[in-house]
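First to last, the protein sequences are chains A and B. Numbering-wise, my numbering puts 590 at position 65 of the first sequence, and it's gapless, one number per residue. Numbering-wise, my numbering puts 66 at position 62 of the second sequence, and it's gapless, one number per residue. Virtual Cβ for every residue (Gly too), placed ideally from N, Cα, C. Given the structure is predicted, the values throughout are model-derived calculations rather than measurements.
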Amino acid sequence: MSVVGVLALQGDFEEHTAVFESLGAECKQIRLPEQMNDIDRLVIPGGESTTLSRLCSNYGFRDPIKTLASSGMPIWGTCAGMIMLADKITESDPIPLQIMDIEVQRNAFGRQIDSFEQIIPLQGIAEDFNCIFIRAPIVMETGPAVNIIAELDNGNPIAVQEGNLLATSFHPELSNDSRVHKYFLDL
Amino acid sequence: MVETVTGTFTVKSGHAQMLKGGVIMDVVNPEQAEIAAEAGAVAVMALERVPADIRAEGGVARMTDPSIILDIMKAVSIPVMAKCRIGHFVEAQVLESLGIDYIDESEVLTLADEKHHVWKHDFKVPFVCGCRDLGEALRRISEGAAMIRTKGEAGTGDVVEAVRHMRTVQDNIRKLKNMPYDELVVEARDLGVSVDLLIQTKEEGRLPVVNFAAGGVATPADAALMMQLGADGVFVGSGIFKSGDPATRANAIVQAVTHYNDPKIIAEVSKDLGEAMVGISARSIPENELLASRSK
């Protein structure tokens, strides 16, 4: 059975842990880079991307996570986690990990009062997933190797995959629906 | 056309879930907001005066001038919160119209209504409210609060009241977990909350929404103490910008909240922080001047 590392610097890492554990997966909360030595997968949760970015720098997470990504380890980012995985974001701050060939815009829908829920089909995962967007980012550009799993009516991707890397604008860990977590465990 | 719903309780309480493990800092101008964001704050609270000054200056404390709030919203990309007076639903409407990300219906400001809080379900913007015990927390959640914090005693730099309130909430929940179902109706009546909400709390073994610590946190060790006592995150009010070196202290508190179980890291970040805020012992404050006692 594989061990899912959940980056626990800040954000809703407990919520991710609870969903994975409900699926029978073993989880390990990661606060220092050396704690990633015995994990098989990594999740970067929702949270505040500027905070995550600073703590990733403070504790030397950038290179180790990049190395894990290029070694083929499955890595999934939700919301702030998607921002962290991006190659580029539309603002100068925060600095992402530059792992996935996507460009992401932060707070793409506006402020908290514009946060929303919407049922959206996720290709190959679920026909009717209740997606929860909280001050969410969207994908502006995708590289040739990036597969779009879901997009909004206006064509902006909100779930993308590039080989072992998965990113979602929304928060499956808040939906009481473990299908995306199950999909990630099967990657 | 696909249906999109905004302002649901899931979206409101979900925003607080994204703040977990983080530090929310009081700021009074855009420069302080930038320092807070740079230090790794998950959100800032936009104020005209920090609680220590409200306490010192006295008078009626009201919602902050919208132009100050808007300037702070422009300065940073992290969420911005602001306070309305307890029961002052028009201040709350005004804050919502500004596009604020969270409203703190706060005992730190002067009460606008001595009996009633804002009916927070009417708003799309989420609210955080203070509590001293489980009953107070659940009454605020019944009114629509999507996030709870301890009241502590704001503007003192003395963590003792926040500790008391966090321990009381946790103790009340432990007691509830062991309480047989046939005693819940009387317990609900005594606390002034619904049986359904009590059952939910009992079965989840925690508050149904995110619970932060607030009111007197001044050092990295204070913040880590509150986390070890069960807080989901920490508000730091006067503690940062009333200290000698706000940027360094702010970053140290952020790190202490992430690594709250690692005393070596807390020791490391506590070095050379400069002067902490002077503070006043909560015990030296007369009962009728305690901010935490302003509402139930």
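Once DSSP output is grouped into helix, strand and coil, what is the label at residue i?
| i | result |
| --- | --- |
| residue 139 (chain B) | helix |
| residue 41 (chain B) | helix |
| residue 686 (chain A) | strand |
| residue 654 (chain A) | strand |
| residue 211 (chain B) | coil |
| residue 58 (chain B) | helix |
| residue 298 (chain B) | helix |
| residue 530 (chain A) | strand |
| residue 5 (chain B) | With a pLDDT of only 48 at residue 5 (chain B), under the threshold of 50, the placement of this residue in the model should not be trusted, and no figure is reported. |
| residue 24 (chain B) | coil |
| residue 176 (chain B) | helix |
If you count every other CB in all the chains shown that lies within 10 Å of the CB of residue i, and 16 or more means buried, which is it?
| i | result |
| --- | --- |
| residue 37 (chain B) | buried |
| residue 162 (chain B) | buried |
| residue 592 (chain A) | exposed |
| residue 185 (chain B) | exposed |
| residue 178 (chain B) | exposed |
| residue 648 (chain A) | exposed |
| residue 287 (chain B) | exposed |
| residue 121 (chain B) | buried |
| residue 126 (chain B) | exposed |
| residue 632 (chain A) | buried |
| residue 616 (chain A) | exposed |
How about residue i: is its C-beta nearer than 9 Å to some C-beta of chain B?
| i | result |
| --- | --- |
| residue 641 (chain A) | yes |
| residue 552 (chain A) | no |
| residue 576 (chain A) | yes |
| residue 718 (chain A) | Residue 718 (chain A) lies beyond the stretch modelled for chain A, which goes from 526 to 712, so this question has no answer here. |
| residue 533 (chain A) | yes |
Just grab the DSSP bridge partners of residue i for me.
| i | result |
| --- | --- |
| residue 631 (chain A) | Looking at the DSSP assignment, residue 631 (chain A) forms no beta bridge with any residue, so it has no partner. |
| residue 255 (chain B) | Partner(s): none; residue 255 (chain B) has no beta bridge. |
| residue 49 (chain B) | B:30 and B:85 |
| residue 247 (chain B) | The partner list for residue 247 (chain B) (beta bridge, DSSP) is empty, contrary to what the question assumes. |
| residue 134 (chain B) | B:153 |
| residue 603 (chain A) | A:693 |
| residue 231 (chain B) | Its beta-bridge partners do not exist; DSSP assigns none. |
| residue 613 (chain A) | A:628 |
| residue 566 (chain A) | A:529 |
Please tell me whether residue i has its Cβ less than 9 Å away from any Cβ of chain A.
| i | result |
| --- | --- |
| residue 22 (chain B) | yes |
| residue 36 (chain B) | no |
| residue 83 (chain B) | yes |
| residue 106 (chain B) | yes |
| residue 266 (chain B) | yes |
| residue 174 (chain B) | no |
| residue 205 (chain B) | no |
| residue 47 (chain B) | yes |
| residue 109 (chain B) | no |
Return the Cβ separation of residue i and residue j in integer angstroms, given the expectation that the two are a contact with Cβ distance under 8 Å.
| i | j | result |
| --- | --- | --- |
| residue 154 (chain B) | residue 170 (chain B) | 5 Å |
| residue 661 (chain A) | residue 704 (chain A) | The pair is not a contact, with the Cβ atoms about 19 Å apart (cut-off 8 Å). |
| residue 537 (chain A) | residue 231 (chain B) | At roughly 16 Å, the Cβ-Cβ gap does not stay under 8 Å, so residue 537 (chain A) and residue 231 (chain B) are not in contact. |
| residue 594 (chain A) | residue 624 (chain A) | 4 Å |
| residue 151 (chain B) | residue 20 (chain B) | 4 Å |
| residue 254 (chain B) | residue 29 (chain B) | 6 Å |
| residue 600 (chain A) | residue 10 (chain B) | About 30 Å; that fails the 8 Å criterion. |
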